[in-house]
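To keep things clear, I will list the structure first and then write my remarks on it.
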Amino acid sequence: MKRFLHLLFILFLCKISFAQKLSILVAEGNKAIETKEYYLAENYFKKAIGIDSTSMELQYLYAEACRLDLNYSVAERWYNKVYKKDNGKKYPDALYYLAHCKKSNGRYKDAIKMFDKYAKRSAKKYPEKASKATQESENCSFALMLMKNPLPLNVNHIDSNVNSKSGEYGPFEKDSILYFTGINTSRNNIESKIFKSNVKGYKFSKFEALDSTINANGFTISNAVFDPIWNTLYCTRCDGNNAQKNNCGIYEYTYKNNQFGDAKKLPAEINKEGATNTHPSLTLINGKLTIYFASNRPGGEGGMDIWYCVKNTDGTWQSPVNAGKNVNTTEDEITPFFCNPCQTLFFSSTFHQGMGGFDIFKSHFENGIYGLPENLGYPINSPQNDMYFKYNDTRNKA
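So the number in my numbering is just where the residue sits in the sequence shown, counting from 1, plus 632.
Laid out in structure tokens, this is it:
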């Protein structure tokens, strides 16, 4: 009897210990979502699911974290579990997000049925959500049409001399050198640095990091790009080791005799206090240096918008200009790139009619106005997120 009671006591202590650990993991996961550290949130809720995989609340939280971290395949599986058990009672948006994940995983026909079902269910109580679901259903039909009429081009995956398991983004090629941002994820941090790889045709050398003037300790560096005359590098630089959590801004570094100068933060016209300012892209328009960037500052259409500033001859910058309602929407527009020879703005958006989350669009610039955006089509765009479109010098690769 004593042994039995002793065993019960041990089991009771274990149950308390697991409950405490679970509570901590959930609290940390929710905190990570609030600070937009979605990779960390996903890991916290994955550990929580390992302790209790039957909790519908944990299943939903894990699905949310995976979706926000763009891990759509795992998110779809857990949203499906929640929807099958709950049928929209406690978690009415599970059906919408399940459809969203199916869309992002290329299961367009299934997604259409679910978006339509969600729109019908939500029409009276949540008309705005129902309208968005109808728009997404139409996007899925549009995506199927694009896939039936692919563009005559090849999309090639660059080998491990550039790509790794952690993630690479923001590439641009200049003078046979590919520059890009590389991510390193650890237990508590998401770090990024600028790398380069020599290009010969379609062959890439093993990547190497730029020097410590750019990749300085204690900072997260991303989205690097040179100006048109190749004497200044611009990038997004954040204090600390998490771009979503810490103070970020757009910086410039002079480049002379293969040496980078010290970091200089661009003025308030570009780095609006209290706003996210990122994704710089430089070009010459009518002979004047112009910077395009993405920002969620007040005065836009909503979410992240595309803005641009013109540099004066005295080195100051003019007031920022919003790219306008043809380009910007109530959702997110990011990663601008202006092609001067073709007078066209390329950017990514989650709102305009597309195949996935972010699709790449182009807008022709004429008489000071950006025209209606055009989807670049398949296979440039895909069910996943497509961003950071840029041409190389000769416009034979993008």
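We put the CB at the ideal spot given by N, CA and C, even for glycine.
It should be emphasised that the depicted structure is a prediction, and the values quoted were computed from it without experimental measurement.
In the DSSP output, which residue or residues are listed as bridge partners for residue i?
i: Gly-881; result: Arg-869
i: Leu-916; result: Leu-921
i: Gly-682; result: BP columns for Gly-682 are empty, so no partner.
i: Ser-829; result: Leu-810
i: Gln-891; result: Lys-888
i: Lys-835; result: Lys-832
i: Ser-927; result: Asn-909 and Asp-937
i: Lys-896; result: Glu-884
i: Tyr-1002; result: Phe-997
i: Ala-841; result: Phe-827
i: Asn-954; result: Trp-939
Taking the alpha-carbon of residue i as reference, which of the options has the nearest alpha-carbon?
i: Tyr-801; options: Val-787, Ser-824 and Trp-710; result: Ser-824
i: Ala-695; options: Asp-684, Ser-687 and Arg-709; result: Arg-709
i: Cys-880; options: Phe-812, Thr-886 and Ser-854; result: Ser-854
i: Ala-707; options: Asp-684, Thr-686 and Phe-677; result: Phe-677
i: Pro-973; options: Thr-1026, Ile-1012, Met-936 and Met-688; result: Thr-1026
i: Gly-799; options: Val-787, Ile-826, Lys-806 and Leu-783; result: Ile-826
i: Ser-980; options: Ser-1014, Ile-882, Lys-943 and Ala-900; result: Ser-1014
i: Glu-905; options: Lys-716, Ser-927, Asn-889 and Glu-884; result: Ser-927
i: Pro-1011; options: Gly-989, Glu-963, Leu-785 and Gly-956; result: Leu-785
i: Glu-901; options: Val-959, Lys-888 and Tyr-940; result: Tyr-940
i: Ser-763; options: Met-987, Gly-1009, Phe-983 and Lys-1022; result: Phe-983
i: Asn-777; options: Ile-861, Trp-862, Ala-651 and Gln-985; result: According to the sequence provided, residue 777 is Met. The question's Asn does not apply to it. Residue Gln-985 is the option with its Cα nearest to Met-777.
i: Met-592; options: Asp-894, Ala-651, Phe-1021 and Gly-988; result: Summary: the structure shown does not reach residue 592, with the chain confined to residues 633 through 1030, and so no result is reported for it.
i: Ser-935; options: Val-959, Asp-964, Thr-922 and Trp-949; result: Rather than Ser, the amino acid found at residue 935 in this sequence is Gly. Comparing Cα-Cα distances from Gly-935 to each of Val-959, Asp-964, Thr-922 and Trp-949, the minimum goes to Asp-964.
i: Ser-685; options: Ala-673, Tyr-704 and Val-714; result: Val-714
i: Gly-947; options: Pro-899, Lys-1029 and Phe-804; result: Pro-899
i: Asn-662; options: Ala-755, Asn-675 and Ala-651; result: Asn-675
i: Asn-795; options: Asp-807, Ile-917 and Lys-828; result: Lys-828
i: Leu-1008; options: Phe-774, Thr-766 and Leu-916; result: Phe-774
i: Gln-767; options: Asp-791, Ala-848, Lys-735 and Tyr-924; result: Lys-735
i: Asp-894; options: Asn-847, Phe-925 and Asn-903; result: Asn-847
i: Ile-618; options: Tyr-885, Leu-810 and Thr-922; result: A question about residue 618 goes unanswered here, because the residues of the chain that appear run from 633 up to 1030.
i: Leu-693; options: Ala-680, Ser-705 and Leu-702; result: Ala-680
i: Ala-664; options: Phe-969, Gly-682, Cys-698 and Asn-954; result: Cys-698
i: Asp-725; options: Lys-752, Phe-851, Gly-931 and Lys-741; result: Lys-752
i: Tyr-1023; options: Leu-654, Trp-949 and Glu-805; result: Glu-805
Under the three-state reduction of DSSP, which class applies to residue i: helix, strand or coil?
i: Trp-949; result: strand
i: Tyr-1020; result: coil
i: Trp-710; result: helix
i: Asp-937; result: strand
i: Ser-655; result: helix
i: Phe-641; result: Unreliable placement is indicated for Phe-641, whose pLDDT of 47 sits below 50; the coordinate value is still reported in the next sentence. Reduced to three states, the DSSP call for Phe-641 is helix.
i: Thr-864; result: strand
i: Val-787; result: coil
i: Thr-1026; result: coil
i: Ile-1012; result: coil
i: Ser-736; result: helix
i: Phe-804; result: strand
i: Phe-1033; result: Since the first residue shown for the chain is 633 and the last is 1030, residue 1033 is missing from the structure and cannot be characterised.
i: Ile-822; result: strand
i: Ile-744; result: helix
i: Ile-846; result: coil
i: Asn-816; result: strand
i: Ser-754; result: helix
i: Lys-943; result: strand
i: Asn-1007; result: strand
i: Tyr-671; result: helix
i: Asp-725; result: coil
i: Ile-665; result: helix
i: Glu-660; result: helix
i: Lys-904; result: coil
i: Ser-792; result: coil
i: Ser-705; result: helix
i: Lys-797; result: coil
Specify, as a first and last residue, the run of the beta strand (DSSP E) that residue i falls within.
i: Thr-852; result: 851 to 858
i: Leu-977; result: 976 to 981
i: Pro-968; result: 965 to 971
Assuming residue i is part of the alpha helix (DSSP H), what are its boundary residues?
i: Lys-994; result: That residue, Lys-994, is in no alpha helix (DSSP H); its beta strand (DSSP E) goes 991 to 998.
i: Pro-759; result: 759 to 780
i: Met-688; result: 688 to 700
Is it true that the region 911 to 925 meets the region 865 to 872, where meeting means three or more beta-carbon pairs spaced less than 8 Å apart?
-> yes
Using 8 Å as the threshold, is the region 992 to 999 in touch with the region 745 to 757, meaning 3 or more CB pairs across them?
-> no
Between the region 836 to 848 and the region 857 to 864, are three or more C-beta pairs nearer than 8 Å?
-> no
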